[in-house]
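Per mature numbering (1 follows the signal peptide of the UniProt record, and there is no 0), the sequence shown runs over residues -19 to -1, 1 to 192.
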Amino acid sequence: MTMLVQALVLVLLFHIVSSRSNITTLPGFPGDLPFKLETGYIGVGNLDDVQLFYYFIESEGTPEDDPLVLWLTGGPGCSGFSAIVYENIGPLSFDYADPFDNKPQLKLNPYSWTKVANIIFIDAPVGTGFSYAKSWERYPILNDTLSAAQTYQFLRKWLVDHPRFLSNPLYIAGDSYAGIVLPIIVQEVSDGNRDGVEPVMNLQVHVLAGL
């Protein structure tokens, strides 16, 4: 393989491993979004063969100082999108004012956690939402330990890609079945910090919401 081909392969792999987009409008919401929404993929596992999808919503307060929350929805297998529009965690909810309108409409949620926190909503484990694997072998039977390890790897790569949030207080939170996986992820982060694994995270506590 020539150096040029190798370079092109690396560029393509990097694009797949960490790809992101800034979203300014959504179907059903009138006008531009009044908050910063980023979506993307982070590759984890051997050769980044698992691609975990996320929604990141920046705090509407002071994002450089406000907490960074990694949110896992329960299930297992419920998309992070569920927390954004159904669980009063995210800044949007469905507007049911007109029951005869067959086009879903979105409205702002005045009680959103994103008023005071930066939140990463992740589609995990693999196979949830838009997260996918490059081979069928990477879709395991439910394995909380593997899912936690992949989520920890995701978080490390996400922070490397978003270094301005490295010093923010980090909270790992979720609801329902996520309560089984959360402590394992917290242990992964704690062990990584103890062993000096970069990036070292400003871990605070984990939060389980009974929604």
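Where a beta carbon is used, it is the ideal one built from N, C-alpha and C, also for glycine.
- Taking the Cα of residue 30 as reference, the smallest distance to any Cα among 90, 102, 139 and 131 is reached at 131.
- As the crow flies, the alpha-carbon of residue 22 is around 5 angstroms from that of residue 33.
- Spatial neighbours of residue 18 in its own chain (CB-CB distance under 6 angstroms, excluding positions within 5 residues in sequence) are listed in chain order as 4 and 38.
- Residue 179 counts as exposed, since fewer than 16 other C-beta atoms from the protein chains shown sit within 10 angstroms of its C-beta.
- Taking 7 angstroms as the cut-off, the beta carbon of residue 88 is found no closer than this to the beta carbon of residue 41.
- Taken through DSSP and simplified to helix, strand or coil, residue 165 comes out as helix.
- With distances taken between CA atoms, residue 26 lies nearest to 115 out of 6, 36 and 115.
- Judged by beta-carbon spacing, residue 70 lies within the 7 angstroms limit of residue 94, meaning their Cβ atoms are closer than that value.
- Separation of residue 157 and residue 55 (C-alpha to C-alpha, rounded to the nearest whole angstrom) is 5 angstroms.
- Residue 146 carries a helical assignment under DSSP once its states are collapsed to helix, strand and coil.
- Shown here for residue 60: same chain residues with a beta carbon closer than 7 angstroms to its own, the five before and five after excluded, namely 54, 104, 109 and 110 in chain order.
- Excluding sequence positions up to five before and after residue 174, its CB lies within less than 8 angstroms of the CB of 181, 182 and 184, all in the same chain and listed in chain order.
- Contiguous alpha helix (DSSP H) elements confined to the segment 38 to 76 occur at 61 to 66, taking only those with 4 or more residues.
- C-alpha of residue 118 to C-alpha of residue 149: approximately 36 angstroms in a straight line.
- Assigned with DSSP and collapsed to three states, residue 96 falls in helix.
- DSSP links residue 19 through a beta bridge to 3 and 37.
- Partner residues in the beta bridge of residue 24, as assigned by DSSP, are 32.
- Around the beta carbon of residue 48, a 10 Å sphere encloses 16 or more other beta carbons of the protein chains shown; the residue is thus reported as buried.
- The beta carbons of residue 98 and residue 167 sit no closer together than 7 angstroms.
- For residue 15, the number of other beta carbons within 10 angstroms of its own is below 16, and it is reported as exposed.
- Distance from the CA of residue 141 to the CA of residue 147, rounded to the nearest whole angstrom, comes to 8 angstroms.
- Between residue 161 and residue 125, the CB-CB gap stays under 7 angstroms.
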